[in-house]
Amino acid sequence: MATLPVYRWHLAPEGLATRRQLRALGLRPGGQDVAAQLERPRRRRGPLVAYLYRIDRAKPVRPMTPARAAALEVAMRARRICPNCRTDVGYCVPRSLGMCVPCSDIESAA
3 MATLPVYRWH
13 LAPEGLATRR
23 QLRALGLRPG
33 GQDVAAQLER
43 PRRRRGPLVA
53 YLYRIDRAKP
63 VRPMTPARAA
73 ALEVAMRARR
83 ICPNCRTDVG
93 YCVPRSLGMC
103 VPCSDIESAA
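Note that the working numbering numbers the sequence shown so that position 59 is 61, with each residue one more than the last.
And the structure:
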């Protein structure tokens, strides 16, 4: 296994990008291997690491199809429904509470 080249923060060569940078360009890694890694030093902990991919090998982001958009809408609607009161609360129900905030307040007061 070959080791990856490591670059410091802001010193990566042209032609390499992180996943977020590829996404901003409308691209995705497309199955390619990681080309290098970027390290951002921190004072008291280990460095933050980001993997870099070659831009010339990146593929365009797949377009959102009507079926995928409908499936995403159904999934997001399910995340907004409180399991206790069965209402669409208008926001994603917090996983930490497991229910909407009004139901959580009622349960904690009891």
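Yeah, the Cβ is synthetic: ideal placement off N, Cα and C, and Gly gets one too.
Counted within 10 angstroms of its Cβ, other Cβ atoms place residue i as buried (16 or more) or exposed
{"i": "Pro-31", "result": "buried"}
{"i": "Ala-60", "result": "buried"}
{"i": "Val-76", "result": "exposed"}
Extent of the continuous alpha helix (DSSP H) run through residue i
{"i": "Ala-26", "result": "21-26"}
{"i": "Val-103", "result": "103-111"}
{"i": "Ala-73", "result": "68-82"}
Segment limits, beta strand (DSSP E) that includes residue i
{"i": "Leu-40", "result": "38-42"}
{"i": "Val-91", "result": "Unbroken run through Val-91: none, as it is neither H nor E."}
{"i": "Leu-6", "result": "It is not in any beta strand (DSSP E) - Leu-6 carries neither H nor E in the DSSP assignment."}
Pair within 8 Å by beta-carbon distance, residue i and residue j
{"i": "Gly-28", "j": "Val-63", "result": "yes"}
{"i": "Tyr-9", "j": "Ala-37", "result": "no"}
{"i": "Arg-42", "j": "Leu-54", "result": "no"}
Opposing strand residues paired with residue i [DSSP bridges]
{"i": "Pro-62", "result": "Leu-29"}
{"i": "Leu-13", "result": "In the DSSP output, where bridge partners are listed per residue, Leu-13 has none listed."}
{"i": "Leu-54", "result": "Ala-38"}
Check: residue i C-beta below 7 Å from any heavy atom of the ligand NAP
{"i": "Leu-29", "result": "Because no ligand of any kind appears in the structure shown, any question about the ligand NAP cannot be addressed here."}
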